[in-house]
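Plus 135 on top of the position in the sequence shown (first one is 1) and you've got our numbering.
So the structure is just underneath, and the comments pick up after that.
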Amino acid sequence: ALCVSEFHKAQVAAVYGLPPERIAVVPNGVDGALFAPRVAQPRLASDKAAGRVLVYSSRPERGLEHLVGRGEGEPGIMERLARADPAFRLKVCGYDNTTPELAGYYTLLAERCRALPNVEWLGALSKAALARLMASAWLHVYPTTFEETSCITAMEAQSAGTPVLASPVGALPETLAGGGAEWVPLSPAAPGAAGPGGRDAFRRALRPLRDDPHPREALHPARPAQGPAHPQPAAPQRVGGGGAGTLGAE
């Protein structure tokens, strides 16, 4: 069997009862010609910081609600930021492909994005347009409890020279190891992190990055250096024999 991370391999071994030696790890990759920093490295951190543009480009059901809320009940992270620091702006890339079961939820989240003054709903983008947006962003934000098996979105941000503020779940710490990520738990297992505690912790994590240039600038140089770790892999050269298949990878 093929898996896309060590986290994924452990999952497959546990769920399907496969011996680890029968499972090969071939990581996902991104197009390095598209996802690359667009400015000279010394200017990267300061240019991005001036815009304070946040980007969310993962599937909506995996964490967008934490950012924009549902319009009732507990406010989302961007609602809190609109009051505390309106200079932050979130750009959200949408998905055209969904299931009938999720169509209503996607519509709700898109409407929430359009209703908030500091959020822009961009809809589905081409890979080239997404790469330009990612390279110009200050941070990629991913508050989530979803267990990614790899996370191509995180790889794209990393290769584009954009640090990631995310939750340390699933394979995300493995994917972004040594790559300029800031971690904020957002799970029921973390004390006070579920619901309002977790969302407010995410909002508060932005303040030191905003106010102190040193931790912010320390994140940016790591990005292009780590990017080459995510070239599009040639799986046939890595795995021999027949009967191999990738299980549950994304």
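Yeah, the Cβ is synthetic: ideal placement off N, Cα and C, and Gly gets one too.
Query	Result
C-beta atoms of GLY239 and TRP256 nearer than 8 Å	no
Identity of the residues DSSP links to TRP273 by a beta bridge	The partner list for TRP273 (beta bridge, DSSP) is empty, contrary to what the question assumes.
Buried or exposed (CB count within 10 angstroms, at least 16 for buried), THR234	exposed
Exposure label - ARG218; buried when at least 16 CB within 10 Å	exposed
ARG157 to ALA136 span [Cα, whole Å]	6 Å
Classification of ALA259 by the beta-carbon crowding that lies within 10 angstroms, buried from 16 upward	exposed
Among PRO278, TRP273, GLY314, the one whose alpha carbon lies nearest that of LEU321	PRO278
Contacting residues, own chain, Cβ-Cβ under 7 Å from ALA245 (five flanking each side not counted)	GLY229, TRP256
Pairwise C-alpha distance: ASP166 and GLY208	40 Å
Residues of its chain near LEU153, where Cβ-Cβ distance is below 7 Å and the 5 sequence neighbours each way are ignored	ALA136, VAL147
Length-filtered (4 minimum) alpha helix (DSSP H) runs lying within the segment 200-247	212-219
Coil, strand or helix - GLY305 by DSSP	coil
CB of ALA301 within 8 Å of CB of ALA316, strictly	yes
Contact under 8 Å by Cβ, GLU283 with ALA264	no
Contact under 8 Å by Cβ, SER294 with SER140	no
CB contact flag (VAL188, LEU251, <8 Å)	no
For ALA312 and ARG249, the rounded distance between their alpha carbons	34 Å
Three-state secondary structure (DSSP) of GLU317	strand
Among VAL319, ASP220, PRO308, nearest to GLY186 - alpha-carbon criterion	ASP220
For GLU283, three-class secondary structure by DSSP	coil
For VAL161, three-class secondary structure by DSSP	coil
C-beta atoms of LYS262 and LEU199 nearer than 8 Å	no
Neighbourhood of ALA149 by C-beta distance below 7 Å, restricted to the same chain and skipping five residues each side	none
Selection from VAL299, VAL276, ALA159, PHE223 that minimises the alpha carbon distance to ASP346	PHE223
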